[in-house]
Amino acid sequence: MAVANDLGMVPAPAQTTPTGPTLRALFAERDRLTRDTGHYCGVTELTLRDADPIKYERFYNKLHAAVLAARESARFVAASPGSREMGECLWGITTPEGDTLAVSLGFLSHTAIFPVAVRYMANNDYDVNDGIEDGDVYAVSDGKTGGVPHPGDFYSFVPICVEGEIAGWAVGINHLMENGAPVAGSWATFSVDTFMDGLVCPPMRTGRKLKQESWWKAIWERRTRASTMNILDDKMRLAGCAMIHHATHRLIDEFGLQYYKRAIREVIEESRRMIVDNMRALMVPGLYNGCAFRLVKYAGLQNVWSHANKNTLIHIRASVEPNENGLLLDTEGSSRWGYHSYNATPGGVDCAVFLGMINSFAHNTKVTAGIELAVQRHYAYGSIYNPDYEFTSNANLWAQTVSVNSIGFNAVSRAAFARGYLEEAFTVDGNWGAFQGAGTTADGSSYGFTNFEWLGGTGRGAWCYKDGEPLVWAAWSQIATIGDAEEFESCVPPLFYLGRKLLPGYFGYGKYRGGPGNSAVHWCVQPGKHIALTRPNGGLSCTASVGLGMSGAYPGPGSFMISARGTNLPELIAEGETPRDARELLEQIDAGRLTVKNLEIWKTDCPELALKDHDLFVDAAGSSGGWGDPLDRDPALVIKDLNDGMAPRYAFVSRMHGVVAAQDASGVWQLDTAATTAKRAELKRQRLAESIPAEAWWQAERTKVVNKDMVPEVHEMYAQSLSFAKFDGEFRRFWQVPADFAFARE
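The numbering of the sequence shown is the numbering used here, which starts it at 9 and goes up by one.
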């Protein structure tokens with residue numbers, strides 16, 4: 009018998025309940041062998057690879073080809089624009105324990121999460137109590153039990169069973185357009201706990217024989233606003249998993265089950281060894297520290313839950329330390345969890361951490377669970393990355409966990425620079441943006457949406473030898489793309505693009521500047537009964553996304569948004585002049601051409617913004633940091649930015665870079681070389697005049713610390729971070745405070 013689906017006729021899976029070792033037993037043996045030998049599953053010799061390397065590579069290439077084909081076929085079978093156009097999706101195949109064997113293109117770091125869901129099923133005896141059969145379909149979107157970074161990312165797991173054993177899992181993932189939280193979209197802001205996170209599924213069986221149960225469609229229809237898109241994406245994930253499932257059965261038929269079971273262990277051990285070698289070759293021994301911050305501004309905006317009506321300054325603290333087994337990443341000293349949407353689970357933060365680790369160390373080997381074995385992680389219990397409260401909200405953890413990746417990735421970049429690998433040394437930021445929301449059309453049809461345009465491609469930070477570039481990279485995907493504007497217009501009926509541009513001056517300054525960020529102006533036309541949106545940004549302009557300016561440069565400025573409600577836009581349209589980015593909008597308002605009854609510039613989380621006819625919503629994101637002292641910038645590059653319009657204000661860049669120039673009769677900027685040399689010398693003298701000895705600076709700052717002379721948000725931040733021994737020791741040693749010194753926690 010065959011099952012008909014969108015890919016044609018796929019052989020129906022056999023209904024055989026596994027009779028081999030239980031999942032719990034498999035995990036216990038895997039953990040014991042790996043711990044006792046220091047090699048994955050006790051594989052100390054790569055016997056299959058060494059005996060017949062051609063057969064071994066042919067085996068793996070067929071596995072890899074299966075997941076690549078699944079992605080390139082399934083996302084064109086049925087998918088939302090986020091998956092089809094942006095590539096916010098991934099397929100993979102794993103071992104019985106969920107350890108990654110091969111993955112498609114897409115957001116690779118999600119591979120670190122696969123074993124979390126499978127381990128939960130093992131610990132709760134899914135295979136013993138319920139039975140796990142070939143071709144079953146499981147859904148997962150929960151961070152606590154499935155390791156999922158946020159509920160907007162949805163996973164499908166399909167077990168591959170052969171001869172009474174679970175041989176592996178086919179996995180499909182994508183980022184939903186809307187996941188049914190009180191705040192519409194795929195990253196719910198203003199959530200207080202997981203009960204406000206939307207459709208949160210622990211690992212649960214939703215189908216059999218590669219076909220979803222009828223009730224599962226009803227869940228999408230009743231619990232999410234973008235049900236049509238979500239059902240399409242669900243079909244897409246399962247179609248890809250069906251392809252992988254079928255290909256793996258054929259592979260086992262060809263190579264034999266015993267060869268398969270040994271080969272999958274060797275593949276992971278082989279990649280682990282290569283990754284550890286890469287780490288030793290690239291990293292310079294030492295301790296790489298980094299920090300980042302995010303202000304959660306809920307005070308006055310969170311009026312439903314009194315215990316969440318407060319501002320929180322999240323402290324993101326991480327260190328990277330090379331060792332004989334690879335790297336240790338330690339986040340002890342980061343803030344404690346809170347009643348907000350930015351908490352993470354260990355699996356969720358792994359998803360961010362491995363963005364940089366995979367890109368840096370798995371470039372010349374197979375992308376498998378080997379990378380996870382080479383990076384030891386410490387997420388202190390009770391912290392924002394490992395809460396001791398099981399119901400924390402994880403709805404928007406991506407907005408701050410990407411900073412952990414940036415800290416780790418920048419550590420690798422600094423090591424590469426120290427080694428002299430200049431092509432690998434650049435400033436890493438994860439300053440993404442998106443907007444989301446829901447509406448009701450004039451005929452009463454409801455819809456939900458997320459616009460991913462700025463998520464898929466951001467500015468790449470400056471290299472140590474050249475400027476960064478706009479829109480060309482995303483830390484979370486190998487295929488950067490800002491997406492198709494028309495696709496997203498179709499998902500949000502009342503919003504149309506008036507402009508979509510790079511934003512002049514929107515980057516971190518330095519000897520080499522970061523890639524400029526971008527801005528778009530969205531015009532509300534005939535909104536029907538209702539439309540409202542929010543914005544779950546990756547880095548807000550009240551704090552730097554990462555506390556880092558490489559070699560003396562400035563970090564990239566954070567994202568922001570502008571709401572302009574009650575405008576005279578029809579008059580501007582009649583005159584043929586409308587704003588195309590944030591700068592133009594503000595300039596037209598200042599000049600009096602664009603009138604606005606309610607203008608708000610949002611530098612922190614914005615509440616739900618309801619729009620009416622001819623209202624405007626403007627977003628900006630994707631900036632990146634610079635490298636080197638701005639006074640060392642080649643004057644010719646400054647002149648080029650002035651003439652290209654990328655440096656919009658001469659007075660500012662003249663002060664920033666110490667460049668003197670004037671416009672000729674044609675309006676072209678021309679450099680005054682002698683005056684530039686003199687001005688730079690003067691600016692450096694001013695720096696020295698304004699400088700104070702490090703000891704004097706330390707004494708002045710220490711006085712503030714001892715007197716606790718700081719705003720309440722910073723006071724609470726220190727109280728939380730000092731509750732962890734590692735950071736408490738570092739803090740006390742540096743500031744030399746009395747033994748009884750402490751910050752009182754709320």
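Built from N, CA and C at the ideal position, the CB exists for glycine as well.
Top-ranked residue by Cα proximity to residue i, from the options
| i | options | result |
| --- | --- | --- |
| residue 331 | 348, 294 and 737 | 294 |
| residue 38 | 270, 186 and 525 | 270 |
| residue 679 | 646, 700, 431 and 673 | 646 |
| residue 205 | 211, 638 and 231 | 231 |
| residue 364 | 753, 218, 341 and 283 | 283 |
| residue 277 | 345, 42, 227 and 622 | 42 |
| residue 185 | 95, 143 and 510 | 95 |
| residue 682 | 668, 693 and 594 | 668 |
CA-to-CA distance, residue j to residue i, given in whole angstroms
| i | j | result |
| --- | --- | --- |
| residue 663 | residue 556 | 21 Å |
| residue 9 | residue 249 | Reliability of the predicted coordinates at residue 9 is poor, the pLDDT of 38 falling under 50, and the value obtained from them is presented with this limitation in mind. In a straight line, the C-alpha of residue 9 is about 19 Å away from that of residue 249. |
| residue 47 | residue 402 | 33 Å |
| residue 15 | residue 343 | Summary for residue 15: the model assigns pLDDT 46, below 50, so the residue's position carries little reliability, and this model does not support an answer. |
| residue 771 | residue 128 | A query on residue 771 cannot be resolved here, the shown segment of the chain reaching from 9 to 754 and no further. |
| residue 263 | residue 253 | 16 Å |
| residue 659 | residue 587 | 24 Å |
| residue 308 | residue 317 | 6 Å |
| residue 170 | residue 67 | 17 Å |
| residue 496 | residue 89 | 7 Å |
| residue 410 | residue 438 | 6 Å |
| residue 136 | residue 213 | 14 Å |
| residue 216 | residue 443 | 36 Å |
| residue 483 | residue 673 | 44 Å |
| residue 535 | residue 260 | 55 Å |
| residue 643 | residue 520 | 11 Å |
| residue 480 | residue 488 | 6 Å |
| residue 298 | residue 58 | 42 Å |
| residue 447 | residue 456 | 6 Å |
| residue 494 | residue 533 | 15 Å |
| residue 742 | residue 735 | 11 Å |
| residue 143 | residue 211 | 15 Å |
| residue 28 | residue 159 | 33 Å |
| residue 51 | residue 281 | 11 Å |
| residue 626 | residue 688 | 37 Å |
Buried versus exposed, by CB contacts within 10 Å (16 or more), residue i
| i | result |
| --- | --- |
| residue 245 | buried |
| residue 223 | exposed |
| residue 12 | Interpretation of residue 12 is limited by its pLDDT of 43, a score under 50 that renders its predicted location unreliable; no figure is taken from the coordinates. |
| residue 265 | exposed |
| residue 236 | exposed |
| residue 712 | exposed |
| residue 695 | exposed |
| residue 737 | exposed |
| residue 195 | buried |
Under 7 Å between C-beta atoms of residue i and residue j
| i | j | result |
| --- | --- | --- |
| residue 633 | residue 564 | yes |
| residue 569 | residue 323 | no |
| residue 166 | residue 148 | no |
| residue 572 | residue 607 | yes |
| residue 636 | residue 574 | no |
| residue 544 | residue 407 | yes |
| residue 207 | residue 193 | no |
| residue 441 | residue 567 | yes |
| residue 522 | residue 516 | yes |
| residue 100 | residue 121 | no |
| residue 109 | residue 272 | yes |
| residue 396 | residue 387 | no |
| residue 415 | residue 326 | yes |
| residue 504 | residue 471 | no |
| residue 112 | residue 75 | yes |
| residue 218 | residue 104 | no |
| residue 352 | residue 296 | no |
Residue i - partner residues in DSSP beta bridges
| i | result |
| --- | --- |
| residue 101 | 110 and 178 |
| residue 646 | Looking at the DSSP assignment, residue 646 forms no beta bridge with any residue, so it has no partner. |
| residue 609 | 570 |
| residue 348 | Per DSSP, none; premise fails for residue 348. |
| residue 323 | 301 |
| residue 167 | 177 |
| residue 183 | 161 |
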